[in-house]
Structure formats: C-alpha cells, structure tokens
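Chemist: Attaching a single structure in structure tokens format; questions to follow.
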Amino acid sequence: MISISENPFRVHTPEALSAQEVVQLYVSEMPGADTVHSSGHTMIIGARGSGKSMMLRYLEPDCQSLKEGSPENPNGPYNEIDFFSIYLTIKQTDLIYPELQSLEGTFADRAINEHFLILVILLKTIARCQKKGTLEFLRGRHDELKNSDLYAVISSQLDIEGEEVDDYYQLFELFRNRLSTLYSNSLSYLDRILEDPTTTPKFDHNLLRFSTFLLPVLDGWRNLPGMPKNGQFFVIIDDADYLNEMQTRILNTYISNRLDGVYFKVSAEVYKYKTYNTLDRRRIEVAHDFSEIHTIDIYTSDNARFYKDRVTRMVNKRLELHNYQKSNSGRAANAEEFFPEDSKQKAEISKIRNEIRAKESKLNSGAKRVRDDMYRYSVPEYIRTLGGTRKSRSSYSYSGYDQLINISSGVPRYFLDAAYIMFDRMKASGEKSINSISPAIQNVVVRELAGRVMMDELERLKLSEAEEQGASDLAKRLHNLIASLGALFEKLLVDPNSSERRYFSFAISDFPDEEVSAVLKFGVQNSMFTRTSIGRKEGFGRTDRYILTRRVAPYFNLDPNGFSAYKFLQNNALRTMMLEPDDFRKSLRSQKTMPSESDGPLFDWDTK
2 MISISENPFR VHTPEALSAQ EVVQLYVSEM PGADTVHSSG HTMIIGARGS
52 GKSMMLRYLE PDCQSLKEGS PENPNGPYNE IDFFSIYLTI KQTDLIYPEL
102 QSLEGTFADR AINEHFLILV ILLKTIARCQ KKGTLEFLRG RHDELKNSDL
152 YAVISSQLDI EGEEVDDYYQ LFELFRNRLS TLYSNSLSYL DRILEDPTTT
202 PKFDHNLLRF STFLLPVLDG WRNLPGMPKN GQFFVIIDDA DYLNEMQTRI
252 LNTYISNRLD GVYFKVSAEV YKYKTYNTLD RRRIEVAHDF SEIHTIDIYT
302 SDNARFYKDR VTRMVNKRLE LHNYQKSNSG RAANAEEFFP EDSKQKAEIS
352 KIRNEIRAKE SKLNSGAKRV RDDMYRYSVP EYIRTLGGTR KSRSSYSYSG
402 YDQLINISSG VPRYFLDAAY IMFDRMKASG EKSINSISPA IQNVVVRELA
452 GRVMMDELER LKLSEAEEQG ASDLAKRLHN LIASLGALFE KLLVDPNSSE
502 RRYFSFAISD FPDEEVSAVL KFGVQNSMFT RTSIGRKEGF GRTDRYILTR
552 RVAPYFNLDP NGFSAYKFLQ NNALRTMMLE PDDFRKSLRS QKTMPSESDG
602 PLFDWDTK
C-alpha cells in the first residue's frame, strides 16, 4: 500500500509524488498518451484537473524505469527505456518578472527573455533530476568526459576549464552551480531596470541562446553513456500558459524547429496559451510542427464511455491500494458499488420507464424509439412529479456512480474532489468501517459543490477579473448567462409538452458580437463551458456549440445524465441573458409552455 492519506480520494500534486506513487495511481489508458510518448513536439490543452500534469509526470525517467519493470533500480541506467525526460512546471518558477515588461518594444526584449527562459529550464530541471536521483547513474562515469559534446558546450559558455571534474555527475553539479551564479548576476540587471525604467541598461554577461547553448546542451545530455539507446529526449514544460507573451513566442520558435531527438511536450489550459506565433510572427501549425491533444474535446465527444472507464480504473486503483472491501464478502470494493444510487428513487424512475414503455408499445413505436424515450424522459418526468415548486424538486437525489461521473463534466479532478469530501463526511458521521458512500451524503455534497460553483467560484472570478482587467464585467456577465441558461433548461426539463427535456448546451443560430464572444471565451477558459461545433440549422457551414458544465446541475435541479439535445439561441437572446437577466427570467415565467415549432419572443427555438 502506498503512503498516502487514509482518504483514498485525496488529490496530490503530480510533480510532488514519488515514482512508485505515480505508477500505482496513474491510469495509463489516457487519451492521447500514445502521441505524448512518441517522438515529435506535443501540445496538451485541457482544463485544470483533467490529468495533464499526471500524464507528464509519468514521462519522467524514474517512472518509466519502474514501468519497464526495474523497481530494484529506478535511478538508472536508462538505456532500456524509450526516452529520457526533464520536467519543469512554469507555475513554480520565477519567470514572470514585471521588470521584463519594461523591455517590450526594445531590442533587448527577445534576448533577455530567452536568456531567463533557458536559465530557468536548465536550473530547475537539473535540480529536479538531482533531487529525484535520476542522475545517480552518472556517478563514476567518466568515459571521454572532457572530449564529450556536453563538456565542450558548458566550457565554451561558462568557462569551466581548470575545474576538477571526476565524472559526469560532478559535471552536472558544477554546471548547476555556474548557472546559479549566472542567474544571480542576471537578476542584478533587472534591478538596474528598476532604477530607471526609461532606459535599457547594457547586459554585462553571456547571453544564452537556443542554437548556441540550450540545444547543444540537450544534444550532449542525450548522448551520454547509459542514456536511452534511441537517443530520444523530452523537455516537459507544464503550465506553459504562465509564460509571458514573448517567452511563449520563443518557446513556439523552438517547437517550430524540426529537431532530431529533442522534443518539447507542452501543456496549457484552454484558451490561456497566449499565442501560437513565433518570433518572426509565423504561426506554428498542428501536424506540420506539433501534435495537439484537446482533453476536453475527447471527454465530451462520443467517447464519453472512455472517460467513465478511465475514472473507474482510477477509483478502483485507489480503493484497492487502501484495501477497502465490501462487507461480509472480503471482495475488493469497486467504484459502482462504492457510490450506490438512492434505492427508493431508482425504483420510482424504473416504474416511470415501464409506464413509458407501455405507452409507446400501444402506439406501435419501434423498439429503438421506445428505448430512446425511456432513457430521455424517465428522469425529467420523475423530477417534474416531485412537485410544482423548485423547492419540491430539490428533493431529487443526485446519487449513484453514473450521476457523479456525469456531474464531473469530463474532468477527473472534479470527481475526486467530491469523493474526497464525501468520504470525510462518512468518517465524521461515526462510521467505523466505510464500504460505500451513502446516497444522502453523495447528494448533499454535490449540491453544496454546485452552490460553490455558482456563488464562490464565479464571485472569485469577478474579483480576479476586476483586478486583472480594470473592473471588467466579463465575470458578472458570465454569472448572469449561466443563471439564465440554468433557468431556461430547468423550465424545459419540467415542461411535459417539450419534445426534448434534457438540455445542457446551446448553439448560436446567427453570429455572436464581440461582447458575447468575449463572455463565452471567458467561460470556456474557466471550465464553465466546453466549446465544440455543429452544422448550422440552414445547412451551410458550422456554428459554435457551448456545453454548460454539469457541475451546476444540482443547483438548477437538472438531469445531468446526457446533453444530446441543444437549443439554437440568437445573439440578442444571449445579450439579454448576460445584460438583463431579470427581464429574461420574467419572460420565462410568463411562458407557461415552451414553443416547439415556432420562434419564441427571444429565441430561435428549433432543436436538432
């Protein structure tokens, strides 16, 4: 059993986990994993908590050595693994210096930013390799040391001639110390900028560049004795959206180069990577320059079953590692049994399904239509029959493994965060042996978390957005839009005359203006929407489709178990939702039923 908390659902920062913990917890059937493990530059784009960092941490040599079955020697040699990786997370670096902003538009902007980027890449990754022991295999290795390419490039830039170096491990130790000294001296340059921001002081040290320093260092490193036989070397840049725009352009320029053996694996959150342009303003392109993985696209496509299977493997691994068993059986607990559905509610919904089947059979509907209607209408009809008021509908129980999977909206972190709280609640209730999470606690927790999304998360966005963009109204308008959509979807859910009842997405039938587009983009950036596309209703071209996060389903008493249906909404309707939400909700209340064939006063109601 691994040394993690008694709560099996605790989420750990992947870069802080040991190799054994990563290999034990990692689900290798990650979407896009084959691409990330292959030669070539790769960009991984996805929401926070979607597994990007865990995938990249798994690439490090200590994990790859364990994966290949060498637990007795996880620190090398690495000649049998497929590649050697060095790992850097930008969130934990000192690259965002405000002093660098004063260089914008000057001849020094590119040179100084690249210098600091290379310094941080090498300093942080070498320090991490030393801490994790992945350079230990170089102790005692001195084959042709002073004739090696690595020694030559370090010596040419940092002047280490005359220094006593017995092996390659000591060479890296000396290299790191020289880089640390250069880094400290370089910081004094930034201090001089602060003295007079109107001038660009002279830089008195060697400037580090990609072609003359970083690439030769990486080439020399990958050809050291004991490294992978095929010579593949991955530079992992996690959280690259934290780079400033110039640093991002520099990284893109590296990616645009067709390198042989050295490949960049870069992650960023949706819409937060600042630019795809290089220093000469060329755009790096998918397929030509790099492969791109969009985790959100994968999780919300027809491969939804793949996502459930992946989370199931994650949960089962955690339960097994903590030795949780089903009572009276001695059998290891599994995900679906650990999160049972409310039995009374399940029976009532099953009864409604049987009623739908009987009704459709009398109408001689086909078997496929009967199954479809049973699936589409049973839960909405059950929620409707709970009562006419919103308060009555709040007695619906959001419990059961499938519902929790759907509510997590394709992001494993959301599932694990909820499960962690549920487990703690079970412990606090006095349970001495936890074999499952009660449906009541499941329901309470997901309803609380839905409230936090609507209240706390969106309120924090308002504060941060006001600070970053001068009291921008983006977050306020996003909050209004989500509240309006929730009200619309809830009304449709309980409308027995609506041909569709379960809605979680909408498409734009005309063209969004700049204000609407900005709010929608902000929503995608902050995981409130997932963006995809569908064919236009008139049959020409495509338009954007936005799927609302199902984490808010309990807040609006919605059925989270599917989003196949969507509404076409006009730009003016979206503006009303964002800018005049009270008027929008008043209009909803005045409509006793939802139009099915003709346009409503605010919407284009056609449904595909």
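For the sequence shown, our numbering gives the first residue as 2, with consecutive numbering after it.
Here a beta-carbon is modelled for each residue, glycine too, at the ideal position from N, C-alpha and C.
(1) Helix, strand or coil for Val12 per DSSP?
(2) So what does DSSP say about Phe291, is it helix, strand or coil?
(3) Taking DSSP as the reference, what is the three-state secondary structure of Ile97?
(4) Checking 8 Å against the spacing of the C-beta atoms, do Ile97 and Asn278 come in under that value?
(5) Beta carbon of Ser410, beta carbon of Arg552: below 8 Å?
(6) Using 8 Å as the threshold, is the C-beta distance between His295 and Leu209 below it?
(7) Is the CB-CB distance between Phe204 and Ala109 below 8 Å?
(8) So, at 6 Å on beta carbons, what are the nonlocal neighbours of Ile435 in its own chain, with the 5 sequence-adjacent residues on each side left out?
(9) For a test of the three-state rule: what should DSSP assign to Val445, helix, strand or coil?
(10) Taking Cβ to Cβ, would you say Val517 is nearer than 8 Å to Asn572?
(11) Does the separation of the CB atoms of Arg503 and Gly563 fall below 8 Å?
(12) Run the proximity test for Phe523: is its beta-carbon closer than 7 Å to any non-hydrogen atom belonging to the ligand ADP?
(13) Quick test of your reading: Leu521 and Phe507, contact by CB under 8 Å. State the CB separation rounded to the nearest angstrom.
(14) Please classify Ile299: does DSSP put it in a helix, a strand, or coil?
(15) I need the straight-line Cα distance from Asp511 to Ala574, nearest angstrom please.
(16) According to the neighbour-count rule (16 or more other Cβ atoms, all chains shown, within 10 Å of its Cβ), is Ser268 buried or exposed?
(17) From Thr254 to Phe291, what does the alpha carbon distance come to, in whole angstroms?
(18) Once the 5 residues before and after Arg319 are set aside, which same chain residues still bring their CB inside 6 Å of it?
(19) Please report the residue range of the alpha helix (DSSP H) in which Tyr169 lies.
(20) Pick out the complete alpha helix (DSSP H) segments inside the segment 487 to 551, 4 residues or longer, and give them in chain order.
(21) May I ask which residues mark the beginning and end of the alpha helix (DSSP H) holding Leu89?
(22) For Asn114, does the count of other Cβ atoms within 10 angstroms reach 16, so buried, or fall short, so exposed?
(23) Answer yes or no: do Asp614 and Pro381 have a C-beta to C-beta separation smaller than 8 Å?
(24) Quick one: any contact between the segment 82 to 95 and the segment 226 to 244, if contact means 3 or more CB pairs under 8 Å?
(25) In this structure, what does DSSP give as the bridge partners for Ala269?
(26) Among Leu475, Arg537, Leu417 and Thr213, which one has its Cα closest to the Cα of Phe523?
(27) Given this structure, state the Cα-to-Cα distance separating Gln21 from Ile422, to the nearest angstrom.
(28) Tell me which residues share the same chain as Arg284 and place their Cβ nearer than 6 Å to its Cβ, disregarding the 5 neighbours each side in the sequence.
(29) Look at the alpha carbon of Ser599 and the alpha carbon of Glu501, and state the distance between them as a whole number of angstroms.
(30) By how many angstroms is the C-alpha of Gly542 removed from the C-alpha of Glu196?
(31) Can Met228 and Tyr79 be called in contact, C-beta distance under 8 Å?
(32) Rounded to whole angstroms, how far is the Cβ of Tyr402 from the Cβ of Ala336, which I believe are closer than 8 Å?
(33) Just to confirm, is the Cβ distance from Gly50 to Val412 under 8 Å?
(34) Starting from the N-terminal side, write out each stretch of the alpha helix (DSSP H) that is 4 residues or longer and does not extend beyond the segment 560 to 592.
(35) Using only alpha-carbon positions, find the residue among Gln158, Phe307, Leu172 and Lys275 that is nearest to Pro217.
(36) Since Val218 is in the alpha helix (DSSP H), which residue starts that stretch and which ends it?
Modeler: Reading off the structure:
(1) By one-based count along the sequence shown, residue 12 stands at place 11. In this structure, Val12 counts as coil in the three-state DSSP scheme.
(2) Here residue 291 corresponds to residue number 290 of the sequence shown, with the count starting at 1. Strand at Phe291.
(3) Here residue 97 refers to the residue found at position 96 when the sequence shown is read from its first residue. Reduced to three states, the DSSP call for Ile97 is coil.
(4) By 1-based counting over the sequence shown, the position of residue 97 is 96. By 1-based counting over the sequence shown, the position of residue 278 is 277. With respect to the 8 Å criterion, Ile97 and Asn278 are not classified as neighbours on the basis of their beta carbons.
(5) Start at 1 with the first residue of the sequence shown, and residue 410 comes out as number 409. Start at 1 with the first residue of the sequence shown, and residue 552 comes out as number 551. In this structure, Ser410 sits near Arg552, with a CB-CB distance shorter than 8 Å.
(6) Here residue 295 is taken as the residue at index 294 of the sequence shown, counted from 1. Here residue 209 is taken as the residue at index 208 of the sequence shown, counted from 1. Taking 8 Å as the Cβ cut-off, His295 and Leu209 do not qualify as a contacting pair.
(7) Here residue 204 corresponds to residue number 203 of the sequence shown, with the count starting at 1. Here residue 109 corresponds to residue number 108 of the sequence shown, with the count starting at 1. Result yes, Cβ atoms of Phe204 and Ala109 sit closer than 8 Å.
(8) Along the sequence shown, read from residue 1 onward, the residue named residue 435 stands at position 434. If we look at Ile435 and ignore the five residues flanking it on each side, its Cβ neighbours are Met427.
(9) Reading the sequence shown from its first residue, position 444 is the one you call residue 445. Helix.
(10) Start at 1 with the first residue of the sequence shown, and residue 517 comes out as number 516. Start at 1 with the first residue of the sequence shown, and residue 572 comes out as number 571. Result yes, Cβ atoms of Val517 and Asn572 sit closer than 8 Å.
(11) Walking along the sequence shown from the start, residue 503 turns up at place 502. Walking along the sequence shown from the start, residue 563 turns up at place 562. Yes. Within cutoff.
(12) With respect to the ligand ADP, the structure shown offers nothing to examine, as it has no ligands at all.
(13) Taking the sequence shown and counting its residues from 1, the one referred to as residue 521 is at position 520. Taking the sequence shown and counting its residues from 1, the one referred to as residue 507 is at position 506. The beta-carbon distance between Leu521 and Phe507, rounded to whole angstroms, is 10 Å. This is too long to meet the 8 Å contact definition.
(14) By 1-based counting over the sequence shown, the position of residue 299 is 298. Only weak support exists for where Ile299 lies, its pLDDT of 49 falling under 50; the coordinates are left without a value.
(15) Taking the sequence shown and counting its residues from 1, the one referred to as residue 511 is at position 510. Taking the sequence shown and counting its residues from 1, the one referred to as residue 574 is at position 573. Spanning the alpha carbons of Asp511 and Ala574 requires a straight line of approximately 11 Å.
(16) Position 267 of the sequence shown holds residue 268. Taking a 10 Å sphere around the C-beta of Ser268, we find 16 or more other C-beta atoms and assign the residue as buried.
(17) As a position in the sequence shown, residue 254 is number 253, starting the count at 1. As a position in the sequence shown, residue 291 is number 290, starting the count at 1. Approximately 12 Å between the Cα atoms of the pair.
(18) In the sequence shown, the residue the question calls residue 319 occupies position 318. Here Arg319 has Pro9 as same chain residues with Cβ atoms under 6 Å from its own Cβ, once five neighbours each way along the sequence are excluded.
(19) Residue numbering aside, residue 169 sits at position 168 when the sequence shown is read from its first letter. Segment Tyr169 to Glu196, the alpha helix (DSSP H) holding Tyr169.
(20) As far as the segment 487 to 551 is concerned, its whole alpha helix (DSSP H) runs of at least 4 residues are 515 to 526.
(21) Taking the first residue of the sequence shown as 1, we reach residue 89 at position 88. Unbroken run through Leu89 is the beta strand (DSSP E), Phe85 to Thr90; no alpha helix (DSSP H).
(22) Residue numbering aside, residue 114 sits at position 113 when the sequence shown is read from its first letter. Asn114 is buried by the Cβ-count criterion.
(23) The structure shown does not extend to residue 614, since the chain spans only 2 to 609, so no value can be given for it.
(24) A contact exists between the segment 82 to 95 and the segment 226 to 244.
(25) As a working mapping, residue 269 is identified with position 268 in the sequence shown. DSSP lists Ile46 as partners of Ala269.
(26) As a working note, residue 523 is residue 522 in the sequence shown. Ranking the options by Cα distance to Phe523, first place goes to Leu475.
(27) Locating residue 21 in the sequence shown gives position 20, counting from the first residue. Locating residue 422 in the sequence shown gives position 421, counting from the first residue. Going by the C-alpha atoms only, they are around 25 Å apart.
(28) Mapped onto the sequence shown, residue 284 falls at position 283. Within the same chain, Arg284 has close Cβ partners Tyr277 and Asn278.
(29) Counting from 1 along the sequence shown, the entry for residue 599 is found at position 598. Counting from 1 along the sequence shown, the entry for residue 501 is found at position 500. The predicted model places Ser599 with a pLDDT of 33, which falls under 50 and marks its position as unreliable, so this point remains unresolved.
(30) Your numbering for residue 196 matches position 195 in the sequence shown. Your numbering for residue 542 matches position 541 in the sequence shown. Roughly 56 Å between the two C-alpha positions.
(31) Along the sequence shown, read from residue 1 onward, the residue named residue 228 stands at position 227. Along the sequence shown, read from residue 1 onward, the residue named residue 79 stands at position 78. Inclusion of Met228 and Tyr79 in the CB contact set at 8 Å is warranted, their separation being smaller than that value.
(32) Residue 402 sits at position 401 when you count from the first residue of the sequence shown. Residue 336 sits at position 335 when you count from the first residue of the sequence shown. Tyr402 to Ala336, Cβ: 6 Å. Contact.
(33) Stepping through the sequence shown from its first residue, residue 50 is reached at position 49. Stepping through the sequence shown from its first residue, residue 412 is reached at position 411. For the 8 Å CB-CB criterion, Gly50 and Val412 form a contact.
(34) Listed in chain order, the complete alpha helix (DSSP H) runs (minimum 4 residues) inside the segment 560 to 592 are 572 to 580 and 582 to 591.
(35) Translated into positions along the sequence shown, residue 217 becomes position 216. Relative to the Cα of Pro217, the nearest Cα in the group Gln158, Phe307, Leu172 and Lys275 belongs to Gln158.
(36) Start at 1 with the first residue of the sequence shown, and residue 218 comes out as number 217. That run of the alpha helix (DSSP H) goes Leu216 to Arg223.
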